[in-house]
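Residue numbers for the sequence shown follow numbering that gives the first Met the number 0, beginning at 0 and rising by one. Just so you know, even glycine gets a beta-carbon here, dropped at the ideal spot from N, CA and C.
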Amino acid sequence: MLYYPEGLLYDSPENISAFANIDSLKSAQNNERILEGMATCCDEYHNLIVSLPNSIKGIIPREEGSIGIKEGTTRDIAIISRVNKPVCFVITDGIGTNCLTLSRRRAQELCRKNYISKLVSGDVIPAVITHFENYGSFVDIGCGIASLIPIDSISISRISHPRDRFRNGQQIFVIVKSISPDGKIFLSHKELLGTWLENAQQFNAGETVCGIVRSITNYGIFVELKPNLAGLAENKEDVEPGDKVSVFIKSLIPEKMKIKLAIVDSFSNSSKPDPIKYFITKGNLKYWRYSPEFCNKIVETNFL
């Protein structure tokens with residue numbers, strides 16, 4: 000059984016077929032198969048009402064809405080915030096009636112036991128962006144179980160806020176950076192976006208290309224060409240962080256990991272972040288080095 004972030008199972012044939020008839024529903028219940036439906040309402044008692052395939056209705060009682068609700072360690076916002084979004088669950092009762100009783104808490108327990116507890120440092124896994132804070136982006140790594148990507152681990156190119164890189168509900172990949180003795184998962188993202196050379200090989204001196212201004216200092220303007228690649232341009236008036244710019248590539252210097260740029264023009268930027276290009280989407284990494292082997296400055300991550 001696979002344990003997906005919520006929403007990735009919702010439209011799948013496997014999910015829809017589980018609601019085809021009583022026999023398929025009984026099989027799903029007996030096997031504690033994780034399914035998904037759309038949460039359409041949270042009532043005054045904080046029970047979630049769920050719309051299911053084939054016009055079937057479900058209810059997730061408040062205490063079954065998330066791990067920790069019953070114990071008081073999780074706030075009810077974990078339930079309320081699911082309205083108008085897919086939710087995962089297992090069927091616990093009600094087959095043969097007009098309303099199934101469901102448990103999201105049990106689905107999360109199964110996910111923790113059979114999937115999250117078996118992750119190791121360096122594992123590359125899928126995730127879904129759930130919400131942002133100034134210090135990082137929270138993601139669902141399975142059945143609504145959240146973990147954090149710190150802002151400085153999102154990309155090599157520094158950003159002012161996670162929304163500069165992501166949007167809510169976006170499907171991404173993350174890498175398990177470490178696991179605490181109590182099982183808490185620490186994530187990173189930048190190692191999946193390519194090394195300096197992998198990114199720089201997409202550009203040539205003499206080209207004029209698009210970029211995004213990430214920061215302005217007294218010695219120049221840092222322009223992001225790719226999430227893991229930035230160059231330095233001379234200061235220019237009327238340019239602000241976040242602006243889109245067209246830049247002339249004066250030179251690429253691999254041994255110093257430097258790119259010299261000249262800003263040709265600038266534009267205000269109100270567009271959404273570009274789709275992310277990943278160099279790695281599966282497997283396990285033991286070691287990742289961003290900097291070229293012949294560069295004196297070493298930028299690396301060791302996952303051992």
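Judged by DSSP in its simplified three-state form, residue 101 adopts strand. Residue 171 places its beta carbon 8 Å or farther from that of residue 158. The beta-bridge partner set that DSSP reports for residue 166 is empty. About 5 Å separates the beta carbons of residue 232 and residue 220, which is inside the 8 Å limit, making them a contact pair.
In the DSSP assignment, residue 13 falls within the unbroken alpha helix (DSSP H) covering 12-16. Here DSSP, grouped into helix, strand and coil, assigns residue 253 to helix. Taking 8 Å as the cut-off, the beta carbon of residue 283 is found closer than this to the beta carbon of residue 122. In chain order, 232, 233, 246, 247 and 249 place their CB closer than 8 Å to the CB of residue 261, counting only its own chain and leaving out the 5 sequence neighbours on each side. Straight-line measurement puts the Cα of residue 160 at about 8 Å from the Cα of residue 134. Two segments are said to touch when three or more pairs of C-beta atoms, one from each, lie closer than 8 Å; by this definition the region 86-94 does not touch the region 251-259. Residue range 21-29 is occupied by the alpha helix (DSSP H) that includes residue 22, with no beta strand (DSSP E) assigned at that position. Excluding residues up to 5 positions away in sequence, 120, 152, 185, 186, 187, 300 and 302 lie with their Cβ nearer than 8 Å to the Cβ of residue 176 in the same chain.
For the 8 Å CB-CB criterion, residue 103 and residue 86 form a contact.
Residue 288 and residue 241 have their C-alpha atoms some 28 Å from each other. About 7 Å separates the CB atoms of residue 33 and residue 2; that is less than 8 Å, so the two are in contact. Per DSSP, the continuous beta strand (DSSP E) segment holding residue 132 begins and ends at 123-132.
Inter-residue distance for residue 128 and residue 30 is about 29 Å (C-alpha atoms, whole angstroms).
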